[in-house]
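Undergrad:
Numbering (my numbering), first residue to last: 7 to 236.
So this is what it looks like as C-alpha cells:
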C-alpha cells in the first residue's frame, strides 16, 4: 500500500459519497473560475462593480455565515441548551435587519467610494493609519480564517474516517487551494457565483436534513427531551 493510500484510503465513505463531493467541487470551483470573464476593472474584482442587488447579497451573506462550523456549533448548542440556543440566531437576525433597514454606517461608507476599509482609513486619518489598519486587518483575518480552516478540516477528516495526522494537512491544503483558485481568478465576482451555488445547496440540504431528522425522531420526542433536561 502506498503512503497516499494509507492516509486517504482508510475512509468510511463509499465511492458514491466521494463522487457527490467531487462533482459539487468541480461545478462550484469551475463556475468561480469561469466568472473571471466578467471582470474588467478593479471595481469588478474588489466590489463586483458595485452592482450587487439585495437578493444576491443576502444569498451570499447567508452562505458565508452558514458554513460548516456554524452548522456544527448550532447543533452542539441545541444539544446542550435546547431551544435556548436560538437566542444567537434571533439576536443576529435582529441586528442584521436593523442595519439593512437603516443603512447604519454602510450607506456613509459606500458614499466615500472606497474599495477597502484601509483606503477609508487613509481618507480620514492618513497614509500611516491605512498601512497600520491594513496590517491589523490582514493579520486578524489570517488568524481567524486559519482557525476556521483547521476546524473544518478536522471535521472532514473525522467524518470521512481518514488518518487524523497526515490527512489533516492534505485536506487543509486542498481547501485553501480551491478557495484561492477561484478567488484570485475572479475576485468578488467569483466569490458571489460560488456563494450562490453554495446557498442553493445549503438551503435545500438543510431543509431536507431537518425534515428527515424530525421525521425520524418526531417532534413530540424533541419537546419531551427538552422538558426532561430542564
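Glycine residues also receive a C-beta, built at the ideal position from the N, C-alpha and C atoms.
Treat the numbers as computed from the prediction; the structure is a model and nothing was measured.
Under three-state DSSP, which class holds residue 234?
TA: Helix.
Undergrad: How is the alpha helix (DSSP H) around residue 93 delimited, first residue to last?
TA: Counting along the chain, the alpha helix (DSSP H) containing residue 93 begins and ends at 92–108.
Undergrad: Taking all protein chains shown into account, do 16 or more other C-beta atoms lie within 10 angstroms of the C-beta of residue 51, making it buried, or fewer, making it exposed?
TA: Answer is buried; the Cβ neighbour count reaches 16.
Undergrad: Using the Cα positions of residue 57 and residue 205, report the straight-line distance between them to the nearest angstrom.
TA: If you take the alpha carbons of residue 57 and residue 205, they lie about 19 Å apart.
Undergrad: Where does the unbroken alpha helix (DSSP H) through residue 70 begin, and where does it stop?
TA: Run containing residue 70: 60–71, per the alpha helix (DSSP H) assignment.
Undergrad: Which residues mark the beginning and the end of the alpha helix (DSSP H) in which residue 37 is found?
TA: Its alpha helix (DSSP H) spans residues 21–40.
Undergrad: Would you kindly check if the distance between the Cβ of residue 188 and the Cβ of residue 242 is under 8 Å?
TA: Residue 242 lies beyond the stretch modelled for the chain, which goes from 7 to 236, so this question has no answer here.
Undergrad: Is residue 193 helix, strand or coil by DSSP?
TA: Helix at residue 193.
Undergrad: Between the beta-carbon of residue 207 and the beta-carbon of residue 79, is there less than 8 Å?
TA: For residue 207 and residue 79, no; Cβs fall outside 8 Å.
Undergrad: For residue 172, name the three-state secondary structure that DSSP assigns.
TA: Of the three classes helix, strand and coil, the one that applies to residue 172 here is helix, per DSSP.
Undergrad: Are three or more beta carbon pairs between the stretch 67–78 and the stretch 189–204 nearer than 8 Å?
TA: Contact holds: three or more Cβ-Cβ distances are below 8 Å.
Undergrad: Going by DSSP in three states, residue 115 sits in which element: helix, strand or coil?
TA: Helix.
Undergrad: Within 10 angstroms of the Cβ of residue 27, are there 16 or more other Cβ atoms? Answer buried if so, exposed if not.
TA: Exposed, because fewer than 16 other Cβ atoms sit within 10 Å of the Cβ of residue 27.
Undergrad: Output needed for residue 112: all residues of its chain with C-beta closer than 8 Å, excluding positions within five of it in sequence on either side, in chain order.
TA: Closer than 8 Å at the Cβ level, and outside the excluded window around residue 112, lie 105.
Undergrad: Skipping 5 residues on each side, what residues in its chain have a beta carbon closer than 7 Å to that of residue 115?
TA: 126.
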